[in-house]
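Shown next, in structure tokens, is the structure this report addresses.
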Amino acid sequence: MRTSKAAPFRVGDRVRGMSYVHPDRRRWEKPEPFEGVVVQVGSGYAGVDAEHSFVWTRLADHTERQSLICETELVQPAGAEEASR
């Protein structure tokens, strides 16, 4: 059950969105669309995500992308694929 507004995703959820690039790095890096599996929600440190809440997603090529939770959407909840079999 997803009752928390602060963490709408769980580890294992399939999500898609636009990668986050810090403004200082945008001369060299550009945000890019992605789809993958959530591996971490938030920083894990109290107060760090106060300004921006992040989610980390592992892609099919085993790289990871960071994105803002508000710019990321749920594609499939964790365990949904197994439940449909």
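Residue numbers in the sequence shown follow numbering that gives the first Met the number 0, run continuously in steps of one, and reach 84 at the last position.
Ideal Cβ positions, reconstructed from N, Cα and C, are used throughout, including at glycine.
Your pair S18 and F33 checks out as a contact, with CB atoms roughly 6 Å apart and the cut at 8 Å. R25 sits in coil when the DSSP states are folded into three classes, being neither helix nor strand. When only Cα atoms are considered, V20 and A79 end up about 30 Å apart.
Between the alpha carbons of A77 and T56 lies a gap of roughly 13 Å. Here V36 is bridged, per DSSP, to R13, R57. Sixteen is the threshold: since fewer than 16 other Cβ atoms of the shown chains lie within 10 Å of the Cβ of D60, the residue is exposed.
Within the same chain, V36, V74, Q75 come within 6 Å of R13 by CB-CB distance, once the 5 residues on both sides are set aside.
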